[in-house]
Amino acid sequence: MNMSKKLYLETFGCQMNVSDSKKIVALMKGIGYQQTADPVEADLVLLNTCSIRATAEQRVYGHLGRFKSMKKKKPALIIGVGGCVAQQEGERLLQKAPFVNLVFGTHNLHLLQKMVSGAEQGKQSVATDFLDDEKRFDLFPHAESEGGVSRFVTVMQGCDNFCAYCIVPHVRGREISRNAAKVVEEVAALAAAGVTEVTLLGQNVNSYGFKEAGAPDFADLLRMVAQVEGIERLRFTTSHPKDISPRLIACFAEIPKLAPHIHLPAQSGSDAVLEKMNRGYTRADYLAKVRALREACPEIQFTGDMIVGFPGEDAASFEATMELIEEVQYADLFSFIYSARPGTKAAEFPDEVKRAEKQARLERLQAAQKKITLARNESFVGSVQQVLVEGPSSSGDSLFGRTGGNRGTVMDGDPALAGRLVRVRITEGVQTLLKGEILHV
Ligand code: 5AD
Ligand code: SF4
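Just so we're on the same page, the working numbering is the position in the sequence shown counted from 1, plus 66.
This is how it looks when you write it as C-alpha cells:
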C-alpha cells in the first residue's frame, strides 16, 4: 500500500474528541495515510471539532480559513471536518465552506475510510446520522499502544440530561453504555502494554448501565476494572452530581486503587439558576454529596466547572456561587461565561446581564479560586503523597507525576521510574503544582 500520503489532524475540545482522534489516526493509517505534524506537507487535513461554546466553534471556522488558502495552492488537498461542529452543522457546513470535501458527525467514524476514499475520487460527502447501538464502541480495533503511563478508556457516550445551556445531548446523541466485559478487556490489554493508570471516560459516567436492567452499574464497573492486574490507579470523569449514588461513594472508601479525586461540576451555587439550568439538584443536595464523599474518603480532592452569566443570574445568585466555592474548597475550578448554543433551551431565555458584568463576575470568581488553589497546594507541604510518575517534567531536568488527588507534582529522580507509584514528601506548594522529594523506591 502507498504509505506516502500524509494526514494532518487537529483536535479541539474534550477528552472524548482526543479519544476519537486516536481512532481516526488508526483508520486513516488503514487507507495509507501517515500522520504528520506539518500541515504544509498534508494530502488530507481533518479537523475534529468542538462546539461547547461559541468561541470553540468560531475557532474551527478560523482554522478552516487557513486551509482554504492552502488548498488554493494545492487543489488536490482533501479537507474533512468531524466532531461536534460537523454534527451540529451537517450540510450547512458545506454551504458555508464549499472547499470542504467531507463532513462526518460524532457517530460516523465507521464511514470515514469510505468518505476519504470517495474524496480522493472527487466526491463530496456528509454523514451525520446517529447510530444508537452500543456496538459502535467496538467497531474499531483498540488504539495502538503508544507507550505512556496513563490512558483514557471510553465506557459510555452521549448524554440524556439536557441541561438547558448544553449542546452535548444534541451533538453526541443519547447515552449508550459500553459492555462491561469489553471495557475490562481493553483495560487488561493496556495493562499488558505497560499502562498503570486508566481513567474511565464518559459524558456522564455515573449513569453507566442505567438503561439495561440487571447490567453492572458504574460502581460495579469500577470494582471490575480495579481487579485488572497491573493497573495501579483508577480514575473517572465526568460525574453528574445528581447521579452520584451511595454505592459509588462507597467505592472511594473501599477500592484502594481508586484515586481520591472527583470532578464534580456544580455549574452554579444558586438554586434558582440550577433549576433554570435543569440540573436536577439543589445547592444543598450538591453539598450533601460533597460531605458524603469527604466522609467516605477524607483526602478526596474536588475539581469542578462553573458557568457565570447564565440568563437570569442576578447579583445574589452570583454571590451564592462565590459562597459555594469557598465552602467546597475546590482544588481547581474551570469557569466559563455562559454562551448561547443553537437548539438549546436556554438559547430562548431572555439574557439581561451585560457582557461587561459577566466578564467582571468571571474575573472575581477566578481570582477567588486562584487563592483557594494556592492555599490548598500549600496545605500539602509536609504530607506524604502517592505520586504516579509520568515522565520527565516540562523543563526536562526533573520528573513529573500526579498525586492521587490529581495535583501535578515535580520531583528529582530517575526517569526509569516512569509508570511507578512512589511516595513523595511535599516540600512546596505553588499556584500550579506541588514540589517534593521521593522518599524511597
Ligand atoms: N456556555 C458556557 N459554558 C458551557 N459549558 C457547557 N455548555 C456551556 C455553555 N453553553 C461548560 C460546563 C461544562 C463544561 C464542559 O463546559 O461548565 O461542565
Ligand atoms: Fe451537558 Fe449537562 Fe449532559 Fe454534562 S450532563 S454533557 S452539562 S447536558
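All C-beta atoms in this analysis are idealised placements derived from N, C-alpha and C, irrespective of residue type, glycine included.
Using alpha carbons as the reference points, say which of Glu320, Thr220 and Phe276 lies closest to histidine 82.
Within the sequence shown, numbered from 1, the residue matching residue 82 stands at position 16. According to the sequence as given, residue 82 is methionine; it is not histidine. Measuring from the Cα of methionine 82, the nearest candidate turns out to be Thr220.
Write down every uninterrupted run of the alpha helix (DSSP H) in the stretch 294-379 whose length is 4 residues or greater and which is fully enclosed by it, in chain order.
The qualifying runs are 312-320, 337-343 and 349-362.
Can you check the stretch 221-264 for any alpha helix (DSSP H) of at least 4 residues that lies completely inside it and give the ranges in chain order?
Within the stretch 221-264, the complete alpha helix (DSSP H) runs of at least 4 residues are 234-238 and 246-258.
Mind checking which residues open and close the beta strand (DSSP E) that includes glutamine 81?
In the sequence shown, residue 81 corresponds to position 15, counting from 1. Here glutamine 81 belongs to no beta strand (DSSP E); instead the alpha helix (DSSP H) covers 81-96.
Where does phenylalanine 218 fall in DSSP's three states?
Walking along the sequence shown from the start, residue 218 turns up at place 152. In the three-state reduction of the DSSP assignment, phenylalanine 218 falls in the strand class, which pools E and B.
Distance cut-off 7 Å: proline 235 Cβ against heavy atoms of the ligand SF4
Your numbering for residue 235 matches position 169 in the sequence shown. Yes, the beta carbon of proline 235 sits closer than 7 Å to at least one heavy atom of the ligand SF4.
Nearest candidate by alpha-carbon position, reference aspartate 226, set Lys277, Gly171, Ser183 and Ala247:
Position 160 of the sequence shown holds residue 226. It is Lys277 whose Cα lies nearest to the Cα of aspartate 226.
Taking the C-alpha atoms as reference points, what is the distance between lysine 411 and alanine 120?
For this step, residue 411 is matched to residue 345 along the sequence shown. For this step, residue 120 is matched to residue 54 along the sequence shown. Each residue's Cα considered, the two are about 16 Å apart.
Are there any heavy atoms of the ligand SF4 lying less than 7 Å away from the beta-carbon of glutamine 269, as far as the coordinates show?
Here the question's residue 269 lines up with position 203 in the sequence shown. Glutamine 269 Cβ: within cutoff of the ligand SF4.
Would you mind working out which of Arg442, Gly462, Gly131 and Val419 sits nearest asparagine 472, comparing C-alpha positions?
Counting from one through the sequence shown, the residue named residue 472 turns up at place 406. Selected option, being the one with the closest Cα: Arg442.
Distance CB(proline 312)-CB(leucine 330) smaller than 8 Å:
What you label residue 312 is simply residue 246 of the sequence shown in a count that begins at 1. What you label residue 330 is simply residue 264 of the sequence shown in a count that begins at 1. It is not a contact, given that the beta carbons lie outside the stated cut-off.
Which residues bound the beta strand (DSSP E) around valine 476?
Indexing the sequence shown from 1 puts residue 476 at position 410. Start and end: 474-477.
Please list the terminal residues of the continuous alpha helix (DSSP H) segment that includes glutamine 161.
Taking the first residue of the sequence shown as position 1, residue 161 is located at position 95. Unbroken alpha helix (DSSP H) run through glutamine 161: 157-162.
In whole angstroms, what separates the C-alpha of lysine 436 from that of leucine 75?
As a first step, residue 436 is located in the sequence shown; it is residue number 370 there, counting from the start. As a first step, residue 75 is located in the sequence shown; it is residue number 9 there, counting from the start. Roughly 34 Å separates the two Cα atoms.
Taking the alpha carbon of glutamine 223 as the point to measure from, which residue in Phe203, Ala193 and Ala246 has its own alpha carbon closest?
By one-based count along the sequence shown, residue 223 stands at place 157. If we check each option's Cα against that of glutamine 223, Phe203 comes out closest.
Cysteine 116 Cβ short of 7 Å to the ligand SF4 heavy atom set:
Reading the sequence shown from its first residue, position 50 is the one you call residue 116. No, Cβ of cysteine 116 sits at least 7 Å from all heavy atoms of the ligand SF4.
May I ask you to report which of helix, strand or coil DSSP gives asparagine 498?
In the sequence shown, residue 498 corresponds to position 432, counting from 1. It is threonine, not asparagine, that sits at residue 498 in the sequence shown. If DSSP states are grouped into helix, strand and coil, threonine 498 belongs with coil.
Go to glycine 128, then tell me how far its alpha helix (DSSP H) extends in each direction, as first and last residue.
On the sequence shown, residue 128 is found 62 positions in, with the first residue counted as 1. It spans 120-139 - the alpha helix (DSSP H) in which glycine 128 sits, taken as one unbroken run.
Got a sec, what are the start and stop residues for the beta strand (DSSP E) glutamate 429 sits in?
What you label residue 429 is simply residue 363 of the sequence shown in a count that begins at 1. No beta strand (DSSP E) holds glutamate 429; the alpha helix (DSSP H) holding it covers 421-445.
Integer Cβ distance of alanine 332 from glycine 370, believed to fall under 8 Å
Reading the sequence shown from its first residue, position 266 is the one you call residue 332. Reading the sequence shown from its first residue, position 304 is the one you call residue 370. Yes, they are in contact, since the Cβ atoms of alanine 332 and glycine 370 sit about 5 Å apart, within 8 Å.
How would the residue list near the ligand 5AD read, in chain order, if you kept each one whose beta-carbon is closer than 6 Å to any heavy atom?
That query returns the following residues: Ile118, Arg119, Tyr231, Cys232, Pro331, Gln333, Asp371, Ile373, Phe402, Tyr404, Ser405 and Arg407.
Provide the residue span of the alpha helix (DSSP H) that contains glutamate 393, from first to last.
Counting from one through the sequence shown, the residue named residue 393 turns up at place 327. Judged by DSSP secondary structure, glutamate 393 falls within the alpha helix (DSSP H) whose first and last residues are 381-394.
Could you tell me the boundaries of the beta strand (DSSP E) in which arginine 486 lies?
Counting from 1 along the sequence shown, the entry for residue 486 is found at position 420. According to the DSSP assignment, arginine 486 belongs to no beta strand (DSSP E), since it is labelled neither H nor E.
Could you tell me the distance, in whole angstroms, from the CA atom of serine 336 to the CA atom of phenylalanine 384?
Position 270 of the sequence shown holds residue 336. Position 318 of the sequence shown holds residue 384. A straight line joining the alpha-carbon of serine 336 with that of phenylalanine 384 spans about 7 Å.
Please find out if some non-hydrogen atom of the ligand SF4 comes closer than 7 Å to the beta-carbon of phenylalanine 228.
The residue you call residue 228 lines up with position 162 of the sequence shown. For the ligand SF4, at least one heavy atom lies less than 7 Å from the Cβ of phenylalanine 228.
Among the residues of its own chain, which have a CB less than 6 Å from the CB of phenylalanine 446, if the five just before and after it don't count?
In the sequence shown, residue 446 corresponds to position 380, counting from 1. Counting only Cβ-Cβ distances below 6 Å, and skipping sequence neighbours, we find Ile492, Gly495 and Leu500.
Quick one: residues in its chain with C-beta nearer than 7 Å to the C-beta of isoleucine 310, no 5 flanking neighbours on either side, listed in chain order?
Position 244 of the sequence shown, counted from the start, is the residue given in the question as residue 310. The answer, listed in chain order, is Asn272 and Lys355.
Contact check, alanine 434 vs isoleucine 391 under 8 Å by CB: the rounded distance?
Stepping through the sequence shown from its first residue, residue 434 is reached at position 368. Stepping through the sequence shown from its first residue, residue 391 is reached at position 325. Rounded, the Cβ-Cβ distance is 6 Å, consistent with contact.
Identity of the residue in Thr303, Cys317 and Val237 nearest arginine 289 by Cα
Stepping through the sequence shown from its first residue, residue 289 is reached at position 223. Nearest of Thr303, Cys317 and Val237 to arginine 289, Cα basis: Cys317.
Start and end of the alpha helix (DSSP H) containing valine 182?
On the sequence shown, residue 182 is found 116 positions in, with the first residue counted as 1. The continuous alpha helix (DSSP H) containing valine 182 extends over residues 178-186.
How many angstroms separate the CA atom of tyrosine 404 from the CA atom of tyrosine 231?
Against the sequence shown, residue 404 aligns to sequence position 338. Against the sequence shown, residue 231 aligns to sequence position 165. A straight line joining the alpha-carbon of tyrosine 404 with that of tyrosine 231 spans about 8 Å.
Checking contacts by CB at 8 Å: is glutamate 241 closer than that to chain D?
The structure shown has no chain D; it contains just one protein chain.
Residues of its chain near glycine 149, where Cβ-Cβ distance is below 6 Å and the 5 sequence neighbours each way are ignored
As a position in the sequence shown, residue 149 is number 83, starting the count at 1. Only Asn83, Asn114 and Thr115 meet the Cβ criterion.
Please state if the CB of threonine 265 and the CB of phenylalanine 196 are separated by a distance shorter than 8 Å.
Translated into positions along the sequence shown, residue 196 becomes position 130. Translated into positions along the sequence shown, residue 265 becomes position 199. At the C-beta level, phenylalanine 196 and threonine 265 stay beyond 8 Å of one another.
Glutamate 418, DSSP secondary structure in three states:
In the sequence shown, counting from the first residue as 1, residue 418 sits at position 352. Assignment of glutamate 418 by DSSP, reduced to helix, strand and coil, places it in the coil class.
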